[in-house]
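J.:
Residue numbers (our numbering): 520 to 1440.
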């Protein structure tokens, strides 16, 4: 009790962000002073439920000592399975409520809002059925009969002592008039869990020898805290620099760069909002939205008292690309002497990221013993402190439940969506985000299922007062309003938000402070606009090859984007036959991880802003991996038909950078739209495109592009972006009259599908924050259990089809296994013995070769066979805790360029094409 209470006080004083302290303090009579008292007291009493027969009977030798002291209880066997009716968290909540009501005169209806923190300290607040079940079994809380009074007295003495020891004896009278908002109950629950976990660490708080005096005191907790060495939260200060000076000091800008209007407007809006809140930034691709978000986040964080930043992105690839940019920004932030900031890359393959691994390696310290009487001596891998804060990946802030508690986190948006999922220890994830400023990138990239979770999470972030920056280049106006209202906690018909949806200007800033009228900002465009000619191109490999040959006759670089990997591969094969294998590069999602990373690196080398040697003539055939995160520049774009927002993203790869020497025929940006039967009365996209995007979005996109096709006016970027997006997603009539029946049919199918997605998401989505004073009882009823960033975990917040993920290894001529021979950085050709545990280097290298098999191999009728055949390579010697990289993984041995049979499919993997799959029949 003393240890947990002391740790809670240290967390409050040294770790908890000012934002969270203020959130708790504002509802208590004496503000943050009361907030600290409350946190310490709840941490101190959280295990009162262990002072019950149901808990104490578990270890007979200890139970006998209690019996000898007069606390009679039945044996564990006698109690039997009924013990499960009184887990000590639930028992503690009941005892605390009873004590507050009977001993402190509290009305029964107000006790639950405080006691539920005790009840939920193992990750799930009690629900009403559990409370009802225990209500009739007081024998589990006190042995009935003459001994019942002894139990009652001991429980009361413990609670009385805690009230006196932890400074709340004189405060409980005033607190009974408090109505704790549910967000406050959540963060207090998270704080108590943290205190409990730290105080339960035997290395930090060793058990007292039998017979010794169990004095706690500040020395024991202080020594443990020094040994834990938990970095404190970030303490930002509102930058006083002008916008130009701020950007110059925070970012590695190219020579001659100037701050763009949308960047300046974002910072000034963040400075001028009545209260830090939601800032939606809509601006074209390549306008520097990331830098605008980080600069605005610094301002908002300083104003709100945030202790860190969470940057959420749609994919692991975009998260990996963002992580070094965040580290660079952190290195340039002002910091005091000795400041340390905890940093995390949060996704399921973060352990394989080079930047994250280097950060972890530089942050390790030798564990030292706890010296109660003096400072703890630790050995850090770092040297002398630099002018910037020391960035660390702290050893305690790891794992699916604690990692998000790091101050600065870059990760997939799943990590944010998990905050809306009814899952165990959800309060820790809420505590993590409640103290941060949150940035959500590519907000247009999420479907109805994910948006259901996102909107619910935004509502909670608004209730916490968390500043949020949302970025998008192609956000539908209706979705803009939904985001704003979700954060503000406003009803759907709130007229204050009508202008938010009606706004058509671009770029556009939308600022929302809870309780205030939304403010719209209309920054000027940067003047970087250009025009794109759009033409229809018949679908056919020969037609495509002929057109590319004509367009690239004088040289140039073309990007061909296909909507399915199958179309990528068949297109690349045909183009290599026409242009030669060295003139065509393939990029798609069906490469192993190390190859995908190398593919991205190579594309940046050849087609990025700073490309030193640009090919004279080259064609890249890619899937949707080319839509986002890659800062590449092509002379010509050929794209399968796609929803207009994605097509505009693809156009953003055209003439992206000012470049001398483009071939004369390609000096005007041009996009050829294919993958459609244009001869049909209503254009018919290819089957794969309809499967991925749906006919509704595709037909409406083609309809609004009709005035631009084949000699019509060019698409003005960025001038036409907002108008095109709003026309497609706005619901108004589009297209010729003879398209109307097909469009209506597609709309009905689409709306039914979206309604189903929303209904499925709601099944496991938490509710909105309830009325102040309403306990969190039943908040996580129907919990999915633990939420984590595994394939199964992500499936809970993404409505995507299941897939099977494997680690690809190379089968050598003698039948032995090794890592793929072409892997760079010394990872290729490392032996993987099947009769022994592979070396850590080889195991890690193999783990970097993850690959997702096609969705067709994960269909219900075939997936069990696929997994069963792969399990023949689950070598017994690899299934040990000494081999965490490979234990439990599915292994796919391949011979490069040779076919492998698996569950009726033929698989072939090559470095050039990635995985090719065909049906064996």
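Backbone N, C-alpha and C fix where the C-beta goes; we use that ideal spot for every residue, glycine too.
Helix, strand or coil: which one does DSSP assign to residue 767?
T.: For the purposes of this step, residue 767 is taken as residue 248 along the chain shown, with counting starting at 1. Correct three-state label for residue 767: helix.
J.: Would you decide whether residue 610 is buried or exposed? Buried here means 16 or more other CB atoms lie within 10 Å of its CB.
T.: Residue mapping note: residue 610 aligns to position 91 of the chain shown, counting from 1. Flag for residue 610 reads buried.
J.: Between residue 928 and residue 829, is the Cβ-Cβ spacing less than 9 angstroms?
T.: Within the chain shown, residue 928 is the residue found at index 409, counting from 1. Within the chain shown, residue 829 is the residue found at index 310, counting from 1. Yes, these two residues count as a Cβ contact at 9 angstroms.
J.: From 1099, 698 and 712, pick the residue whose C-alpha is nearest to that of residue 643; which is it?
T.: Sequence index remark: in the chain shown, residue 643 carries index 124 (1-based). For the residues 1099, 698 and 712, the minimum Cα distance to residue 643 belongs to 712.
J.: Taking the straight line between their C-alpha atoms, what separation do you get for residue 1160 and residue 879?
T.: Translated into the one-based positions of the chain shown, residue 1160 becomes position 641. Translated into the one-based positions of the chain shown, residue 879 becomes position 360. Roughly 44 angstroms between the two C-alpha positions.
J.: Spell out the partners DSSP gives residue 1353 in its beta bridges.
T.: For the purposes of this step, residue 1353 is taken as the residue at position 834 of the chain shown. Answer by DSSP bridge pairing: none, since residue 1353 is not bridged.
J.: Roughly how many angstroms separate the alpha carbons of residue 1439 and residue 1044, rounded to a whole number?
T.: Within the chain shown, residue 1439 is the residue found at index 920, counting from 1. Within the chain shown, residue 1044 is the residue found at index 525, counting from 1. Computed Cα separation, rounded: 55 angstroms.
J.: Using only the alpha-carbon positions, how far apart do residue 1185 and residue 978 sit?
T.: As a first step, residue 1185 is located in the chain shown; it is residue number 666 there, counting from the start. As a first step, residue 978 is located in the chain shown; it is residue number 459 there, counting from the start. Each residue's Cα considered, the two are about 48 angstroms apart.
J.: Thinking C-beta only, is residue 1098 closer than 9 angstroms to residue 1434?
T.: Counting from 1 along the chain shown, the entry for residue 1434 is found at position 915. Counting from 1 along the chain shown, the entry for residue 1098 is found at position 579. Taking 9 angstroms as the Cβ cut-off, residue 1434 and residue 1098 do not qualify as a contacting pair.
J.: Between residue 1432 and the rest of its own chain, which residues show a CB-CB distance below 8 angstroms, the 5 nearest in sequence each way excluded?
T.: Stepping through the chain shown from its first residue, residue 1432 is reached at position 913. For residue 1432, where only same-chain residues beyond five positions count, the Cβ hits under 8 angstroms are 1088, 1091 and 1105.
J.: Quick one: what's got a C-beta closer than 6 angstroms to residue 986's C-beta in the same chain, skipping five residues either side?
T.: On the chain shown, position 467 is the one that residue 986 refers to. Excluding residues within five positions, the ones whose Cβ falls inside 6 angstroms are 795, 819, 823 and 956.
J.: Determine whether the beta carbon atoms of residue 1400 and residue 1353 lie at a separation below 9 angstroms.
T.: Here residue 1400 refers to the residue found at position 881 of the chain shown. Here residue 1353 refers to the residue found at position 834 of the chain shown. Taking 9 angstroms as the Cβ cut-off, residue 1400 and residue 1353 do not qualify as a contacting pair.
J.: Among 1430, 745, 1398 and 523, which has the Cα closest to the Cα of residue 1341?
T.: What you label residue 1341 is simply residue 822 of the chain shown in a count that begins at 1. Ranking 1430, 745, 1398 and 523 by Cα distance to residue 1341 puts 1430 first.
J.: Assign residue 1333 to buried or exposed, taking buried as 16 or more other Cβ atoms, counted over all protein chains shown, within 10 Å of its Cβ.
T.: Along the chain shown, read from residue 1 onward, the residue named residue 1333 stands at position 814. By the neighbour-count rule (16 or more Cβ atoms within 10 Å), residue 1333 is not buried but exposed.
J.: Taking only three categories from DSSP, how would you classify residue 1137?
T.: Here residue 1137 refers to the residue found at position 618 when the chain shown is read from its first residue. Looking at residue 1137 - three-state DSSP - the assignment turns out to be strand.
J.: Starting from the C-beta of residue 542, find all residues in its chain whose C-beta is less than 8 angstroms away, skip the five residues before and the five after it, and write them out in chain order.
T.: Here residue 542 corresponds to residue number 23 of the chain shown, with the count starting at 1. Cβ within range, chain order: 702, 703, 706, 953, 983 and 984.
J.: For residue 753 versus residue 827, is the C-beta distance shorter than 9 angstroms?
T.: Along the chain shown, read from residue 1 onward, the residue named residue 753 stands at position 234. Along the chain shown, read from residue 1 onward, the residue named residue 827 stands at position 308. In this structure, residue 827 lies closer than 9 angstroms to residue 753 by Cβ.
J.: Is it true that the stretch 1208-1227 meets the stretch 1175-1184, where meeting means three or more beta-carbon pairs spaced less than 8 angstroms apart?
T.: No: the two stretches stay apart, fewer than three of their Cβ pairs being nearer than 8 angstroms.
J.: If you count every other CB in all the chains shown that lies within 10 Å of the CB of residue 1146, and 16 or more means buried, which is it?
T.: Within the chain shown, residue 1146 is the residue found at index 627, counting from 1. With 16 or more Cβ atoms within 10 Å of its Cβ, residue 1146 is classed as buried.
J.: Can you list, in chain order, the stretches of the alpha helix (DSSP H) that have 4 or more residues and sit fully within the stretch 584-625?
T.: List check, alpha helix (DSSP H) in window: 595-598 and 607-621.
J.: Can you pull the DSSP bridge partners for residue 666?
T.: Here residue 666 refers to the residue found at position 147 when the chain shown is read from its first residue. The partner list for residue 666 (beta bridge, DSSP) is empty, contrary to what the question assumes.
J.: State the beta-bridge partners of residue 1189 as determined by DSSP.
T.: Numbered from 1 along the chain shown, position 670 holds the residue referred to as residue 1189. DSSP lists 1052 as partners of residue 1189.
J.: Would you check if the stretch 1026-1035 and the stretch 798-815 touch, i.e. whether three or more CB-CB distances between them fall below 8 angstroms?
T.: Result yes; three or more Cβ-Cβ pairs closer than 8 angstroms.
J.: Can you tell me the Cα-Cα spacing of residue 1137 and residue 1157, whole angstroms?
T.: As a position in the chain shown, residue 1137 is number 618, starting the count at 1. As a position in the chain shown, residue 1157 is number 638, starting the count at 1. For residue 1137 and residue 1157, the distance between alpha carbons rounds to 13 angstroms.
J.: Looking at the unbroken alpha helix (DSSP H) that takes in residue 1168, where does it start and where does it end?
T.: One-based indexing of the chain shown puts residue 1168 at position 649. 1163-1170 is the extent of the alpha helix (DSSP H) around residue 1168.
J.: Between 606, 1235 and 555, which lies nearest to residue 535 when the distance is taken from Cα to Cα?
T.: Here the question's residue 535 lines up with position 16 in the chain shown. Looking at the Cα atoms, 555 is the closest of the given residues.
J.: Could you tell me which whole beta strand (DSSP E) segments of length 3 or greater appear in the stretch 1359-1428?
T.: Taking only runs of at least 3 residues, the beta strand (DSSP E) segments lying wholly in the stretch 1359-1428 are 1369-1371, 1410-1413 and 1418-1421.
J.: Going by the CB atoms, is the gap between residue 1385 and residue 1421 shorter than 9 angstroms?
T.: Here residue 1421 corresponds to residue number 902 of the chain shown, with the count starting at 1. Here residue 1385 corresponds to residue number 866 of the chain shown, with the count starting at 1. In this structure, residue 1385 lies closer than 9 angstroms to residue 1421 by Cβ.
J.: Answer yes or no: does any C-beta atom of chain B fall closer than 9 angstroms to that of residue 1413?
T.: The chain inventory of the structure shown lacks chain B, comprising one protein chain alone.
J.: Use the C-beta contact count for residue 832: other C-beta atoms within 10 angstroms, 16 or more gives buried, fewer gives exposed.
T.: Counting from one through the chain shown, the residue named residue 832 turns up at place 313. Looking at its Cβ environment, which holds 16 or more other Cβ atoms inside 10 Å, residue 832 is buried.
J.: Three-state secondary structure (DSSP) at residue 653?
T.: Looking up residue 653 in the chain shown gives position 134. In this structure, residue 653 counts as helix in the three-state DSSP scheme.
J.: Can you name, in chain order, every residue of its own chain whose Cβ lies under 8 angstroms from the Cβ of residue 1409, other than the five neighbours on each side?
T.: Here residue 1409 is taken as the residue at index 890 of the chain shown, counted from 1. Cβ neighbours of residue 1409 beyond the five flanking positions: 1323, 1324, 1325, 1326, 1386, 1389, 1390, 1392 and 1393.
J.: For residue 1128 versus residue 1176, is the C-beta distance shorter than 9 angstroms?
T.: The sequence position of residue 1128 within the chain shown is 609, counting from 1. The sequence position of residue 1176 within the chain shown is 657, counting from 1. Yes, these two residues count as a Cβ contact at 9 angstroms.
J.: Using a 10 Å radius around the Cβ and a threshold of 16 neighbouring Cβ atoms, would you call residue 777 buried or exposed?
T.: For the purposes of this step, residue 777 is identified with residue 258 of the chain shown, where counting begins at 1. So residue 777 ends up on the exposed side.
J.: Could you have a look at residue 1082 and say whether DSSP puts it in helix, strand or coil?
T.: As a position in the chain shown, residue 1082 is number 563, starting the count at 1. Coil.
J.: Report the rounded CA-to-CA distance for residue 1285 versus residue 942, giving the unit in angstroms.
T.: Taking the chain shown and counting its residues from 1, one reaches residue 1285 at position 766. Taking the chain shown and counting its residues from 1, one reaches residue 942 at position 423. Residue 1285 and residue 942: Cα-Cα distance of roughly 9 angstroms.
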